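Worksheet for the structure shown next.
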Amino acid sequence: MPQWERLPAEIRYAVFEVLVPRERGMVLKHGLSQYSLVCKDWQPFFEKRLYRYLSLTQDSLHDFRRLVVRQRGLVKHIWLEIELSDDGCDTCLVCRQPPSRHSHHSNAFQAITRLWQALTSWDRDQVACPPGSLTLEISGQFPRHLEPIFRYRRTLPVGIDHLYGQVHCVSPDCGSHLLQVQVVGCFVLRRQTQHAFWPEAVAGLLHSLPNLGSVTYEPWWPLHSPPPAYLDPGHCRVITEALPKALRELTLSEDFEDYHSARRAYSMSRTYTSHRPKLMGAPDAAVGQALAERSLRLVRLSATNIVDAQDFFAAVDPAWVWGSLTSLSLTSHLLVYKKPCAHVTCLLVQAGVAALQMPQLKWMSIWNVTGGNACVFSYEATDEHTMIKWRGTRHMRLDLEVADVWSRVAELYTGRDLTIGTRGVPHTQHYGSTLRPP
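When we follow the UniProt record's numbering, the leftmost residue of the sequence shown carries the number 1, and every step to the right adds one.
Now the structure itself:
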């Protein structure tokens, strides 16, 4: 192909970009493998896009281990979609102990074990696969007959438990059975489908990934059962015992959007949900205390609903120093309308006192969403300004106590005067416009 080889590299690259199939801005893999076989000159460009993100199931794990060898260095993200049987016990969510004899637990353990065995061979190829270079995402997948409707939904439609049964809990007995995998640096466990992972199973997975620098863990909020009294100790163990020492970024989020959707659906029509959703209670204080101490070595922390900011800041030791923390986001039930403003003021003062022990802090937010109400307090330090701001459907003036402690933070770490702002927003069913920075 002599004429092609004479083209400038920029022109050839532009031609490659035109050939890449896209839909709504997303790169489609269909056809990429055929383009990569045209010639060696085409191979690097198209293989990079073909192997960057791999989606695997149990059935594809054998081919993955056999075929993805030379291209290991191109793989940046692996999503393991565990196809779980839909014949499990419908009362998983009301068991006080995690279920251990259902077939989907065995399926999950076998799939995870096979993937771990494949990835341990990657650890020996540290040139192409340096430790901590791979993102690993795991989810429990819907049965195939529901796949076209729900497989890629970020959250579940209201009343899905009435039509297809309750959210199933997955508890593969990971324990000490899993091999240590060095190549994984980012672990993601989303609330992607109805199959949730018990905290004990999550702890076993995290123990086997010693080089994790980032963890995203999104457990389900149980609309029915088991009671949070059982789940919270499990979350504490994940935070205190399972997270690796090298961790720098942690995102924890208990689902709340589907909770409020289910509550609204129940009030409109009893046919949407099989049982009335339980009231969402305050998180266990022990979880907030555990997270406060564990966050000392983090760079970024975001915890939604799984802890309350009040418990987090109440646990702060005056001798602690968050030497690396730059971003902190927490939720608190004190920001709802029914709570007195004095309680909110006390919380914001506590947050400011803690911020005095966070020399690298650039962003902090404390927020809450309840039905059509949303509020957020934020602190922002940039090269241009240092600001605290209150935004939300609840009108509130920031007291002198709040301004005083945050002015000390601004003067100590930025050398600038503090700017204070407030902005009201209308009542809304969508919280994103309220929480998004202006």
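For each residue, glycine too, the CB sits at the ideal point set by N, CA and C. If you're wondering where the values come from, they're calculated on a predicted model, not measured in any experiment.
- Taking C-beta atoms as the reference points, L330 and M358 fail to come closer than 8 Å.
- Per the coordinates, the alpha-carbon of G392 lies some 14 Å from the alpha-carbon of K338.
- A Cβ-Cβ distance of about 5 Å is found for the pair R114 and L61, placing them in contact under the 8 Å criterion.
- For I366, the number of other beta carbons within 10 angstroms of its own is at least 16, and it is reported as buried.
- Between R6 and the set D41, L212 and L19, the nearest pair of CA atoms involves D41.
- Under the three-state reduction of DSSP output, W406 falls in the helix class.
- Boundaries of the beta strand (DSSP E) around H77: H77 to E83.
- Here the alpha carbon of Q3 sits roughly 15 Å from the alpha carbon of E10.
- Put simply, of L348, E17, Q117 and W122 the residue whose alpha carbon is nearest the alpha carbon of V69 is W122.
- Contact check for T382 against T419 fails: the beta carbons are separated by 8 Å or more.
- Beta-bridge pairing by DSSP links T251 to T216 and S302.
- Contact between V336 and N373 holds, with the beta-carbon distance rounding to 7 Å and staying under 8 Å.
- Here L134 really is in contact with I78; their C-beta atoms are around 7 Å apart, less than 8 Å.
- Here S295 is buried. Its C-beta has 16 or more other C-beta atoms within 10 Å.
- The continuous stretches of alpha helix (DSSP H) do not include E241, and DSSP gives it neither H nor E.
- Remark: C-beta atoms of G234 and L212 do not approach each other more closely than 8 Å.
- With distances taken between CA atoms, R423 lies nearest to R394 out of V409, A403, R394 and D417.
- Counting along the chain, A381 sits inside no alpha helix (DSSP H); it lies in the beta strand (DSSP E) bounded by residues N373 to A381.
- Only residues of its own chain outside the window of five on either side were considered, and among them L330, S332 and I366 have a CB closer than 6 Å to the CB of A309, listed in chain order.
- Residue burial is scored here from C-beta neighbours: G421 has fewer than 16 other C-beta atoms within 10 angstroms and is therefore classed as exposed.
- Among the bridge pairs identified by DSSP, T370 is matched with N373.
- The residue from K76, T240 and A292 with its alpha-carbon nearest to that of L54 is K76.
- In the three-state reduction of the DSSP assignment, S60 falls in the helix class, which pools H, G and I.
- Within the same chain, F64, I78, W79, L80, E81 and L115 come within 8 Å of L56 by CB-CB distance, once the 5 residues on both sides are set aside.
- Where R294 is concerned, there is no enclosing beta strand (DSSP E), although the alpha helix (DSSP H) around it starts and stops at A285 to R294.
- When beta bridges are read from the DSSP output, V184 appears opposite L134.
- The beta carbon of F312 sits closer than 7 Å to the beta carbons of G288, L291, A292 and L330 from its chain, once the five residues preceding and following it are set aside; these are given in chain order.
- If you draw a straight line from the Cα of C236 to the Cα of V369, it is about 24 Å long.
- Shown here, T419 sits in a strand according to DSSP, grouped into three states.
- Non-local C-beta neighbours of R416 in its own chain, meaning closer than 8 Å and more than five positions away in sequence, comprise H385, T386 and A410, ordered along the chain.
- Across the set E241, W220, R191 and R190, the C-alpha of E241 shows the shortest separation from the C-alpha of L209.
- Annotation: W363 to E380 spans about 5 Å, alpha carbon to alpha carbon.
- Residue state for W116 is assigned as helix, using DSSP reduced to three classes.
- The beta carbon of L247 is closer than 8 Å to those of L212, G213, S214, V215, R297 and L298 in its chain, skipping five residues each way along the sequence.
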